[in-house]
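Some notes on the structure that comes next.
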Amino acid sequence: MRKGIWSLAVAVALVSSLTVVGCSKKKEAESPSAPTPEKKPAVASVNMNEGQWEISTVMDMPGMPEAAKRAHTVTTCLSKSDYVPKTSPEKSDCKMVDQKIDGNTVSWNMVCKESSGKGSVTYAGDFFSGLMETTMKQEGKEMTVKMKMDGKRIGACPQK
19 MRKGIWSLAV
29 AVALVSSLTV
39 VGCSKKKEAE
49 SPSAPTPEKK
59 PAVASVNMNE
69 GQWEISTVMD
79 MPGMPEAAKR
89 AHTVTTCLSK
99 SDYVPKTSPE
109 KSDCKMVDQK
119 IDGNTVSWNM
129 VCKESSGKGS
139 VTYAGDFFSG
149 LMETTMKQEG
159 KEMTVKMKMD
169 GKRIGACPQK
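In this note's numbering, the protein residues as written are 19 to 178.
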């Protein structure tokens, strides 16, 4: 049974942690706690170079076998209109409810049907590092899954 719980927890964590970062600006604008345009921080404050990025993620949770903690890598385009890294093309029931910019650090909160979480990344030109934490309940017990993210710009985005 423990293996089943672990598999379900990993699946929920992957869907919630990895797909929230694909939330669009439309969802952010629809959020009741989204900043109004006059309150939104200036986008020029983040030291991030737009383009195609390679993002590596490593998950960790209590009881997770070491073999399952290997890095997963995706590529995606990042722009100054959306600093939150997209690490999965999948859809989910997660919604970004808050996004803040403080210097070169972008942070966000999310709410999902079965979980909630928060994350942040700090940019340095062509690189970033960050952490995402997702909390869920499984069989009445609360579990937190952590995902470390590291990104590097690898060039211009492909032409569409």
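Just so you know, even glycine gets a beta-carbon here, dropped at the ideal spot from N, CA and C.
Among all the DSSP beta bridges, which residues are the ones paired with Y101? Answer is none; Y101 lacks a bridge partner.
Closest to A89 by CA distance: which of G69, I73 and M154 is it? I73
Is the distance from the Cβ of V183 to the Cβ of V64 below 8 Å? There is no way to answer for residue 183, as the model of the chain reaches only from 19 to 178.
Measure the CB-CB distance between M150 and E132 and report whether it falls below 8 Å. no
To the nearest angstrom, how far is the alpha carbon of E160 from that of Q177? 44 Å
Sheet register partners of S63 (DSSP bridge): Answer is none; S63 lacks a bridge partner.
How is K178 classed by DSSP in three states: helix, strand or coil? coil
Would you give the residue range spanned by the beta strand (DSSP E) that R171 belongs to? K159 to G173
What are the start and end residues of each continuous beta strand (DSSP E) run of 3 or more residues lying completely inside the segment 105-135, in chain order? 113-120 and 123-129
Identify, in the order they occur along the chain, each residue of the same chain with its Cβ nearer than 7 Å to the Cβ of E68, setting aside the five sequence neighbours on each side. L96, S97 and K98
Nearest CA to the CA of G121: which residue from K136, S134 and A142? A142
Got a sec? Which residues, its chain only, sit under 6 Å from I145 by beta carbon, not counting five neighbours each side? The sequence given here places Phe at residue 145; Ile does not occur at that position. The answer, listed in chain order, is K170.
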